[in-house]
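A.B. asks: Start counting at 1 in the sequence shown, then tack on 6, and there's your number in the numbering used here.
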Amino acid sequence: MDTPHVLQPHDLEAGDVLLHMGRGELSRLIAWVGDSAYSHAAVVYDDTQLMEAAASGVRLATLDQRITMKENFHYIDVFRPSRLQQADHDAMLADLRTALMPYLGRPYPMTSLFVLGLVCSVRNKIPGSRDLRRVVRMALDLVIDNDPTRVVCSELVYRGFDEAPTSPAHALRLPVITRSRQHTPLPDIDLLALAHETLEDLRRADRSPSLASEIALLSSPMHGMRELTAAAVEDASEDEDLALRLLQARTRLGITMPKQASLTAVGGLALPEPTPNPKTVLPADLEFSPGLVKIGRLALASA
Numbered sequence: 007m008d009t010p011h012v013l014q015p016h017d018l019e020a021g022d023v024l025l026h027m028g029r030g031e032l033s034r035l036i037a038w039v040g041d042s043a044y045s046h047a048a049v050v051y052d053d054t055q056l057m058e059a060a061a062s063g064v065r066l067a068t069l070d071q072r073i074t075m076k077e078n079f080h081y082i083d084v085f086r087p088s089r090l091q092q093a094d095h096d097a098m099l100a101d102l103r104t105a106l107m108p109y110l111g112r113p114y115p116m117t118s119l120f121v122l123g124l125v126c127s128v129r130n131k132i133p134g135s136r137d138l139r140r141v142v143r144m145a146l147d148l149v150i151d152n153d154p155t156r157v158v159c160s161e162l163v164y165r166g167f168d169e170a171p172t173s174p175a176h177a178l179r180l181p182v183i184t185r186s187r188q189h190t191p192l193p194d195i196d197l198l199a200l201a202h203e204t205l206e207d208l209r210r211a212d213r214s215p216s217l218a219s220e221i222a223l224l225s226s227p228m229h230g231m232r233e234l235t236a237a238a239v240e241d242a243s244e245d246e247d248l249a250l251r252l253l254q255a256r257t258r259l260g261i262t263m264p265k266q267a268s269l270t271a272v273g274g275l276a277l278p279e280p281t282p283n284p285k286t287v288l289p290a291d292l293e294f295s296p297g298l299v300k301i302g303r304l305a306l307a308s309a
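1. Round the Cβ separation of ALA105 and GLY166 to the nearest angstrom and send it over; I've been treating them as touching at under 8 Å.
2. Straight-line CA distance for ASN152 to ALA177?
3. What would DSSP say about SER308, mapped onto helix, strand or coil?
4. Taking PRO289 as part of the alpha helix (DSSP H), name the residues at either end of that continuous run.
5. Going by C-alpha distance, which of LEU25, GLU293, HIS46 and GLY21 is nearest SER33?
6. With a threshold of 7 Å on Cβ separation, who are the neighbours of VAL299 within its own chain once the five nearest residues in sequence on each side are excluded?
7. Please report the straight-line C-alpha distance between GLU77 and SER308, rounded to a whole angstrom.
8. Just to confirm the assignment: which complete alpha helix (DSSP H) runs, minimum length 4, are found wholly within the segment 60-117?
9. DSSP beta-bridge partners for GLY28?
10. Just to confirm before moving on: does the CB-CB distance between SER295 and ILE195 stay below 9 Å?
11. Nearest-angstrom Cα distance between VAL121 and ASP207?
12. Measuring alpha carbon to alpha carbon, tell me which residue in ILE132, HIS16 and GLY111 is nearest ASP311.
13. Which two residues bound the contiguous alpha helix (DSSP H) that contains ALA145?
14. LEU298 bridges to which residues according to DSSP?
15. Which same chain residues end up closer than 7 Å to ILE73 when comparing Cβ atoms and leaving out the 5 residues on each side of it in sequence?
16. Take the Cβ of GLY260 as the centre, count every other Cβ of all protein chains shown within 10 Å, and call the residue buried at 16 or more, exposed below.
17. Spatial neighbours of ALA3 within its chain, please: C-beta separation below 7 Å, excluding the five flanking residues on both sides.
18. Based on the DSSP output, what are the partners of GLN55 in its beta bridges?
19. According to DSSP, which residues form a beta bridge with HIS46?
20. By the three-class DSSP mapping on this structure, what secondary structure does LEU208 have?
21. Suppose contacts are defined by Cβ-Cβ distances below 9 Å. Is VAL39 in contact with VAL125 by that definition?
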């Protein structure tokens, strides 16, 4: 594997897309379900700031502060938009900022648990473990109940480029390439840590779980991954319920078929989607967009 070129904040340019891999079990699940190396996205707004959809809403944050967040992120990779490398760079960049600014302060349905539900819905992909499915069910409920006017991280980045008032229209739109579902092994998940993250995310989303849910989440890791034969009838009922919630979440997002259903047989890739639903744009869509070129990895340090 090639060692990424290490970048400092002064190496970044406005318009660069920052793809993050968060620490924590929910971030690992988001990346696995999304067939991606990333769980969060942001865009460089100017020489000193990035814009992102965070738990507090869409906000500006300093680049200097971001590079001190080693405890929060395993790595942050930098992708440069090829369209912003042309002679009309300044005008295009102004249009990008014009499109992003109205989102500043907009509420964000973040939690990482919501993002997990979103990614499961878009990829039509559910982990096989009974304990993980319990978490996914809670994640899908957040998607089903979400206010559609709120935006998530990769949606914010995509909308900024797509909605920039350029001439001609959509000159900055990032092409989205649909990828087939990958067969990456499910990572080892610390179930107890995942349970605590899930409960904290539910509280952050003002969805305090019932005592029964807390007990179920916190006790299941003590028993380990259950054998499917140990609770076949119960699991079958839960699977039906989960399938229904997945369908409801996909309907809420306006998804009529799995993204990978229209793939060609060549390399597992389809032609770029001309007008993808912004709500279904995932970090992986930015990662593999032909409109972005990976230029390196941001140097991180502890605060």
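No residue lacks a Cβ here, since even glycine has one placed at the ideal position from N, Cα and C.
C.D. replies: Per the coordinate set shown:
1. 5 Å between Cβ atoms; contact.
2. Answer to the nearest angstrom: the Cα atoms are 31 Å apart.
3. Correct three-state label for SER308: strand.
4. Element bounds for PRO289: 289-293.
5. The option with the nearest alpha carbon to SER33 is HIS46.
6. A distance below 7 Å between beta-carbons, with the five flanking residues on each side excluded, links VAL299 to the following residues of its chain, in chain order: PHE85, ARG86 and SER88.
7. Between GLU77 and SER308, the C-alpha separation is close to 7 Å.
8. Annotation note: the segment 60-117 contains the following uninterrupted alpha helix (DSSP H) runs of length 4 or greater, listed N- to C-terminal: 69-72 and 95-106.
9. DSSP output for GLY28 lists PHE79 as bridge partner(s).
10. Not a contact, by the Cβ cut-off of 9 Å.
11. Answer to the nearest angstrom: the Cα atoms are 11 Å apart.
12. Nothing can be reported for residue 311, as the shown portion of the chain is limited to 7 through 309.
13. From DSSP, the alpha helix (DSSP H) with ALA145 extends over 136-150.
14. Per DSSP, the beta bridge partners of LEU298 are PRO87.
15. Taken in chain order, the residues that qualify are PRO15, LEU304, ALA305, LEU306 and ALA307.
16. With fewer than 16 other Cβ atoms within 10 Å, it is exposed.
17. Any question about residue 3 goes unanswered here, given that the chain covers just 7 to 309.
18. Beta-bridge partners of GLN55 (DSSP): THR68.
19. DSSP, once it has assigned bridges, lists HIS26 as partnering HIS46.
20. Three-state DSSP puts LEU208 in a helix.
21. Yes, they are a contact pair.
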